[in-house]
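The numbering of the sequence shown is the working numbering, which starts it at 438 and goes up by one.
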Amino acid sequence: INRPVRLLFLAYADVIEPPTHPLPADFDYQIGIATYFPIVRCYVHRFDASDCSVNERYKGHLLGWAVEPKRHYKGQICIGEYYNVSGYKCLPICFMSTMATDIPYYYSIGARHFHYMHCTTDNMGNKALTNYQMARQLWEPGLDCEALWKDYFTGRYGPAHAQMRQFYENLEKMLCNVSELKYDLARQLERGAADLFPKPHLQYEKTAQQKDDGPDLVEILQSAKRCREIIGGVVKQELPERIRHRVAEDERLFTYGERTVQFYDALCRTYFDVRKSKLTEAREALAEAQELARLLEADTTSTTFSATHATDVNALSASRATGAPKRLAEMIRALETKK
Ligand SMILES: [Zn+2]
């Protein structure tokens, strides 16, 4: 082979901790590059936050690879981010603020390579900003993101730029707790866990604490409602055709996210009510969940155009709580029989 070869190896999952022994004396640092993958990291908090136990652990490992003076690995660092990790299934998550702080941080600790799993290649909606901002920040890690956003929103949305900026900011609040939603809550709903909210980052009602405090489900729903109000207003505006198309794409993808969180909420309320033997309320909440499941199942486009395991056949399957309505219907039937 007559060209430079680079071999990116993974610092990930069970091999995420930095080496505890010296590397071979002839380890080729030009070829071998460590890629640090903080899978299911928290996006409520910045990567270097001290008030997030999830990211704190990841930061400790990364510093062990990249900064610690006595570290064994002394080579290059690539960061593998997860803006669309498989479980997120192309949700319309906004990362604008987290990227604004995280990318300069990664650069400051010496990382010089960066990518993320799994880029969406079409039907991007608001995720176009993730791709654009990433490219611009990698080119210039000290970039003024405020200026970038001003230019982006004005150029993309013209007369609707101010409302759309608000929409994105609320969208970030709505879905920043996505790791908890998709990797914890969805699983608890699917298996009918006794405690649906075992972790402080995500509770049902609004809570506040010093550490590991994230938007709770009722706050997530409030942000979704605010996003709907804003984009509902923008859709009604007289806008140039190219801008109307962009807003329509954003609105379509937002609807996927909105229905997903509303589906989780209806399932939670059904579990709460059936466990308190409140039959009428449980039936009503289940009917809501079933209607949302029907709408999600009919959405076969929002979960496409990415790597195979970040996509899904439809938005219901992507929710990872497909079996919950059936489980709840059985719980309700059992309660009816008992009464
Ligand atoms: Zn966190």
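Glycine included, C-beta positions come from ideal geometry on N, C-alpha and C.
**Message:** Going by DSSP, what residue range makes up the alpha helix (DSSP H) through residue 725?
**Reply:** Taken as a continuous stretch (DSSP letters only), the alpha helix (DSSP H) holding residue 725 covers 716-735.
**Message:** Which of the three DSSP states is assigned to residue 657 in this structure?
**Reply:** helix
**Message:** Using DSSP's beta-bridge definition, name the partner residues of residue 448.
**Reply:** 473
**Request:** Return the bridge partner residues of residue 701 from the DSSP annotation.
**Result:** Answer is none; residue 701 lacks a bridge partner.
**Prompt:** What are the complete alpha helix (DSSP H) segments, minimum 4 residues, inside the stretch 524-595?
**Reply:** 533-545, 564-576, 582-594
**Item:** Beta carbon nearer than 7 Å to a non-hydrogen atom of ligand 1
**Value:** 479, 481, 482, 486, 489, 491, 492, 638, 649, 651
**Asked** Is the stretch 505-521 close to the stretch 470-479, with three or more CB pairs under 8 Å?
**Response** yes
**Message:** Determine whether the beta carbon atoms of residue 733 and residue 697 lie at a separation below 8 Å.
**Reply:** Going by C-beta atoms, residue 733 is nearer than 8 Å to residue 697.
**Asked** Hey, would you say residue 521 sits closer than 8 Å to residue 557, going by beta carbons?
**Response** yes
**Request:** State buried or exposed for residue 642, treating a residue as buried only when at least 16 other CB atoms are found within 10 Å of its CB.
**Result:** exposed
**Prompt:** For residue 515, which beta-bridge partners are listed by DSSP?
**Reply:** 472, 550
**Asked** Apart from the five residues on each side of it in sequence, which residues of its chain come closer than 8 Å, Cβ to Cβ, to residue 658?
**Response** Closer than 8 Å at Cβ, skipping near neighbours: 698, 699, 702.
**Secondary structure of residue 784, DSSP reduced to three states** = No answer is possible for residue 784: it lies beyond the span of the chain, which begins at 438 and ends at 776.
**Asked** Are the beta-carbon atoms belonging to residue 747 and residue 626 less than 8 Å from one another?
**Response** no
**Message:** So, under 8 Å CB-CB, residue 602 and residue 590 are touching, yes? Tell me the CB distance rounded to an integer number of Å.
**Reply:** 5 Å
**Item:** Cβ-based neighbour list, residue 577, same chain, cut-off 7 Å, excluding 5 preceding and 5 following
**Value:** none
**Asked** Under 8 Å between the Cβ atoms of residue 604 and residue 680?
**Response** no
**Request:** Determine the closest residue to residue 479 out of 533, 616, 563, with distance taken between C-alpha atoms.
**Result:** 616
**Message:** DSSP three-state label for residue 459, please.
**Reply:** coil
**Item:** Outcome for residue 526 when other beta-carbon atoms lying within 10 angstroms are tallied against a minimum of 16
**Value:** Buried: at least 16 other Cβ atoms inside 10 Å.
**Prompt:** Of all the options 721, 692, 693, 687, which has the alpha carbon lying nearest to the alpha carbon of residue 705?
**Reply:** 721
**Prompt:** Whose C-alpha, out of 570, 548, 554, 457, is nearest the C-alpha of residue 584?
**Reply:** For the residues 570, 548, 554, 457, the minimum Cα distance to residue 584 belongs to 570.
**Asked** Is the beta carbon of residue 543 less than 8 Å from the beta carbon of residue 683?
**Response** no
**Request:** Output yes or no for whether 8 Å exceeds the beta carbon distance between residue 448 and residue 502.
**Result:** yes
**Message:** Quick check on DSSP: helix, strand or coil for residue 638?
**Reply:** Three-state DSSP puts residue 638 in coil, outside helix and strand.
**Request:** Taking all protein chains shown into account, decide if residue 610 is buried (16 or more other Cβ within 10 angstroms of its Cβ) or exposed.
**Result:** That one is buried.
**Message:** Determine whether the beta carbon atoms of residue 736 and residue 752 lie at a separation below 8 Å.
**Reply:** yes
**Message:** For residue 444 and residue 500, I'd like the C-alpha separation in whole angstroms.
**Reply:** If you take the alpha carbons of residue 444 and residue 500, they lie about 21 Å apart.
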